[in-house]
Amino acid sequence: GAVVSQHPSWVICKSGTSVKIECRSLDFQATTMFWYRQFPKQSLMLMATSNEGSKATYEQGVEKDKFLINHASLTLSTLTVTSAHPEDSSFYICSATETNTGELFFGEGSRLTVL
Amino acid sequence: QKEVEQDPGPLSVPEGAIVSLNCTYSNSAFQYFMWYRQYSRKGPELLMYTYSSGNKEDGRFTAQVDKSSKYISLFIRDSQPSDSATYLCAMSGRGTYKYIFGTGTRLKVLA
Chain V
1 GAVVSQHPSW VICKSGTSVK IECRSLDFQA TTMFWYRQFP KQSLMLMATS
51 NEGSKATYEQ GVEKDKFLIN HASLTLSTLT VTSAHPEDSS FYICSATETN
101 TGELFFGEGS RLTVL
Chain W
1001 QKEVEQDPGP LSVPEGAIVS LNCTYSNSAF QYFMWYRQYS RKGPELLMYT
1051 YSSGNKEDGR FTAQVDKSSK YISLFIRDSQ PSDSATYLCA MSGRGTYKYI
1101 FGTGTRLKVL A
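Chains as they are written, first to last, in the numbering used here: chain V, 1 to 115; chain W, 1001 to 1111.
Structure, rendered in structure tokens:
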């Protein structure tokens, strides 16, 4: 299947700093990418839908200014957690839709720990 | 009522058993159905992708879609301890890439 690469796989940062997570579709073009947050033993919580060349669409309750999403190309979307706080610590996962088939592929996830 | 319902488990079975995982849904517009496997602290891995109704088989995995009952299933034959994971169903309608996920079923295959 198609490959979605997510980087970094884990990051530890101090409270108040910003962290950027990258999501790349390696062997296909992804017009649409999604960002999720997942707490331990819970399902995926969709944060936002990222469309190439346009503003992201955020789910209700997700702060746009806190979680900045940029989808500058058909293979790259980034999520920036701004002024991170300990409550932002979580597992963040991206996914990308293979345009021709509609199949949805996930990255390996990024574990963020804010001290 | 949630759009997609999935029993969270955990479901424990002995090695070699046939596992049946299920999801029900309420939106009759759903056309695309997927099953994912997620190991702890990893991203979900696509197992099966089906369109509309019918069966699809891939190795030890069989996916079934019954649109009349709004019910999908994933069967795992000859289950192995390595199949122990959380299994997520996901579905979407035509013209949208936004998938709705079940909560996931935790499966434990005991050696």
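Each residue gets a CB set at the ideal place from its N, CA and C atoms; glycine is no exception.
- Message: With the cut-off set at 7 Å, would you say VAL114 (chain V) and ALA84 (chain V) are in Cβ contact?
- Response: Pairing VAL114 (chain V) with ALA84 (chain V) gives a Cβ-Cβ distance under 7 Å.
- Item | For PRO40 (chain V) and LYS1042 (chain W), the rounded distance between their alpha carbons | Rounded to the nearest angstrom, the two C-alpha atoms are 11 Å apart.
- Item | Check whether ARG1037 (chain W) and ALA1111 (chain W) have beta carbons under 7 Å apart | Not in contact: ARG1037 (chain W) and ALA1111 (chain W) (Cβ atoms no closer than 7 Å).
- Nearest-angstrom Cα distance between ASN70 (chain V) and GLY16 (chain V)? So the two alpha carbons sit approximately 21 Å from each other.
- chain V contact for PRO1044 (chain W) (CB, 7 Å cutoff): Yes, PRO1044 (chain W) lies at the interface with chain V (some Cβ there is under 7 Å from its Cβ).
- Message: If we define contact as Cβ-Cβ less than 7 Å, is TYR1049 (chain W) a contact residue for chain V?
- Response: Chain V contact via Cβ: present.
- Message: Helix, strand or coil for MET1078 (chain W)? Go by DSSP, reduced to three states.
- Response: The question names Met, but residue 1078 (chain W) is Asp in the sequence shown. Correct three-state label for ASP1078 (chain W): coil.
- Flag this pair as yes or no: are the beta carbons of GLN1001 (chain W) and SER1020 (chain W) separated by less than 7 Å? Their beta carbons are not under 7 Å apart, which means GLN1001 (chain W) does not touch SER1020 (chain W) by this criterion.
- Message: I'd like to confirm the pairing. Which residues does DSSP put opposite ASN1027 (chain W) in its beta bridges?
- Response: ASN1027 (chain W) is not bridged to any residue.
- Task: With 7 Å as the limit, tell me which residues of the stretch 39–50 of chain V have their beta carbon closer than that to any beta carbon of chain A; keep them in chain order.
- Result: Note that chain A does not occur in the displayed structure, where the protein chains are V and W.
- From the DSSP output, which residues share a beta bridge with TYR1049 (chain W)? BP columns for TYR1049 (chain W) point to W:MET1034.
- Task: Using 10 angstroms around the beta-carbon of ASP88 (chain V), count the other beta-carbons present and answer buried if the total reaches 16, otherwise exposed.
- Result: That one is buried.
- chain V contact for THR1103 (chain W) (CB, 7 Å cutoff): Taking Cβ atoms only, chain V reaches closer than 7 Å to THR1103 (chain W), which makes this a yes.
- Message: So if I threshold CB-CB distances at 8 Å, which residues from the stretch 1020–1043 of chain W count as touching chain V?
- Response: The residues in question are TYR1032, MET1034, TYR1036, ARG1041, LYS1042 and GLY1043.
- Message: Please confirm whether TYR1087 (chain W) has its beta-carbon closer than 7 Å to some beta-carbon of chain V.
- Response: No, because no Cβ of chain V sits closer than 7 Å to the Cβ of TYR1087 (chain W).
- Uninterrupted beta strand (DSSP E) stretches inside the stretch 15–81 of chain V (no shorter than 3 residues): You should have 19–25, 32–38, 45–51, 67–73 and 76–81.
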